Amino acid sequence: MDLKMMGFDAPLFSALHHMLEAAAADDSDKSVSAPTRTYVRDAKAMAATPADVMEYPNSYAFVIDMPGLKSGDIKVQVEDDNVLVISGERRRQEEEKEGAAKYVRMERRVGKFMRKFVLPENANTDKISAVCQDGVLTVTIEKLPPPEPKKPKTIEVKIA
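The opening position of the sequence shown corresponds to residue -8 in the working numbering, with each subsequent residue numbered one higher.
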């Protein structure tokens, strides 16, 4: 289709037309840069896990809603010494009885969840606590004490 014939002569439309033609040509040979299944799964899991991050004078707190999960369903890890990873899986309860109710509508989220947080330099990864109470997970990371300022070094001047 020629955009000039339709009265679209602007450079923007010609650039869009060129991009669409290039994309159509690329569709025939699958792009190498397409995201992997793992990446897509992790991206969906991260988007479905909202969190609040708070900074206190002596610590950081990460608060995530985890309704209906047991402590065995939640995993809290530190990767690469500065990345906090909170992950797990929410499963639907299986009913095995005959004549059991069937779902008319399923709105509660099930499946894997995950969040990754890059920790600040002053986070003490050796002092992390995680508590899940009333369906709310709170991960607390203490801060490292601020470094003591270096005292100036006095050098004695000798007279020769």
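Where is the CB? At the ideal position from N, CA and C, for every residue including glycine. Predicted, not measured: the structure shown is a model, and the values here were computed from it.
Residue span of the beta strand (DSSP E) that contains residue i, given as start and end
i: serine 50; result: 50 to 56
i: isoleucine 119; result: 114 to 124
i: glutamate 133; result: 127 to 134
i: glutamine 84; result: Unbroken run through glutamine 84: none, as it is neither H nor E.
i: aspartate 71; result: Aspartate 71 -> no beta strand (DSSP E), and no H or E assigned at all.
i: arginine 106; result: 102 to 109
i: glutamate 46; result: 43 to 46
Contact set for residue i: own chain, Cβ-Cβ below 8 Å, skip 5 residues either direction
i: glycine 126; result: Asp56, Met57, Pro58, Gly59 and Leu60
i: threonine 116; result: Val69, Asp72, Asn73, Leu110 and Ile132
Cut-off 6 Å between Cβ atoms - residues of its own chain near residue i, not counting five sequence neighbours on either side
i: phenylalanine -1; result: Unreliable placement is indicated for phenylalanine -1, whose pLDDT of 49 sits below 50; no coordinate value is reported for it.
i: valine 44; result: Phe53
i: serine 78; result: Lys66 and Met105
i: isoleucine 119; result: Ile132
Burial state of residue i (16 or more Cβ within 10 Å)
i: tyrosine 51; result: buried
i: leucine 128; result: buried
i: arginine 28; result: exposed
i: leucine 135; result: exposed
i: threonine 40; result: buried
i: arginine 106; result: buried
i: alanine 114; result: buried
i: valine 130; result: buried
Residue(s) in a DSSP beta bridge with residue i
i: glycine 79; result: Ile65 and Phe104
Same chain only: Cβ atoms within 7 Å of residue i, ignoring 5 sequence neighbours per side
i: serine 62; result: Cys123
i: arginine 82; result: Val101
i: alanine 42; result: Phe53, Val54, Ile55 and Arg106
i: proline 138; result: none
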